[in-house]
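Q: In the numbering used here, the protein residues as written are -11 to 239. Every residue, glycine too, gets a C-beta built ideally from N, C-alpha and C.
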Amino acid sequence: MRHLVIVLAASLVACAGEIEPDEVTGDEAATVKEVEVDEEPEPAKSTSANRPAPSKPSKPSKSSKPSAEADETSPDWSTGSSTPLVLSFDDAPVTFRADASGSFDLTRNGMSHGSDWPSAATPWLALDRDGNGAIDDGGELFGSATRLASGAFAKNGFDALRDLDDNHDGVFDANDAAFAKVVVWTDRNADRVSTPNELTTLAEAGVRSIDLHDRREVRCDARMNCEGERSRFTRTDGRGGAVIDVYLPTR
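1) Since Leu190 sits in a beta bridge, which residues does DSSP pair it with?
2) Would you mind reading off the limits of the alpha helix (DSSP H) that contains Leu149?
3) Would you decide whether Asn177 is buried or exposed? Buried here means 16 or more other CB atoms lie within 10 Å of its CB.
4) To the nearest angstrom, how far is it from the Cα of Phe141 to the Cα of Arg239?
5) Look at the alpha carbon of Ser219 and the alpha carbon of Asn144, and state the distance between them as a whole number of angstroms.
6) Pull up the distance between the alpha-carbon of Thr174 and that of Ala162, whole angstroms please.
7) Ends of the beta strand (DSSP E) at Leu115?
8) Between Gly229 and Val170, what straight-line distance do the alpha-carbon atoms span, to the nearest angstrom?
9) Does DSSP put Leu167 in a helix, in a strand, or in coil?
10) So within the stretch 66 to 100, which uninterrupted beta strand (DSSP E) runs reach at least 3 residues, ignoring any that extend past its ends?
11) What's the gap between the Cα of Phe221 and the Cα of Asn97?
12) Would you give the residue range spanned by the beta strand (DSSP E) that Pro237 belongs to?
13) Taking contact to mean 3 or more Cβ pairs, one atom from each stretch, closer than 8 Å, check whether the stretch 204 to 212 and the stretch 113 to 126 are in contact.
Here's what the structure looks like:
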């Protein structure tokens, strides 16, 4: 930085009114010199005392709840819920029974859980994986308790059903080996126990194919039983119906 420095040779302290201009001569005359002065400050030394601490990264949200696009009252699906598929033959919304007796291991953790239960009008889609003639737990439904061929658990019911799409054409039908083994479980007495007369094959139920391209359309009742993802199935008589992934909070 350059400063104009005024150097006064005369060291008079008298005010301007006491000395006439022509009385100041020689060494007493005021001279003006321009002096270049480099006054750039020396950079401050960085020390741990004055260095700002790095900001800590923010913690990720613990919630893994899908955004409810059709309903703002969607439940916290990150804990305590299971997501099996049901069929709606008349396209009616799923109705749930709070008075269903017994209990069922929806999450496949070896413990039976209480939950509301879909009515017989919207039966379960199921697969007797161990061949014992019964649907034992949520692992034999199609939902988040289903273990995939990869060993991982399915994200939802459609993810589980897509695992059986042998030719990867986006349709589950007679061209897929497991189609003949998948059953419809109509729990008529709502006791959460499957009996042989409650299990029918897809062909016997009149289901020809299931579209595996699901969309999310959330609907929840007052007890936070929800419909989540959904798709369509085609019946042998040409009519259609809805395949719905239901989210059941355990109680």
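A: Reading from the atomic positions:
1) According to DSSP, Leu190 bridges with nothing at all.
2) 145 to 150
3) exposed
4) 22 Å
5) Going from the Cα of Ser219 to the Cα of Asn144 covers about 13 Å.
6) Thr174 and Ala162 have their C-alpha atoms spaced approximately 22 Å apart.
7) DSSP places Leu115 inside the beta strand (DSSP E), whose first and last residues are 112 to 115.
8) 17 Å
9) Contrary to the premise, residue 167 reads as Phe rather than Leu in this sequence. Of the three classes helix, strand and coil, the one that applies to Phe167 here is helix, per DSSP.
10) Within the stretch 66 to 100, the complete beta strand (DSSP E) segments at least 3 residues long are 73 to 76, listed from N- to C-terminus.
11) 30 Å
12) 228 to 237
13) Flag = no, the stretch 204 to 212 and the stretch 113 to 126 do not touch.
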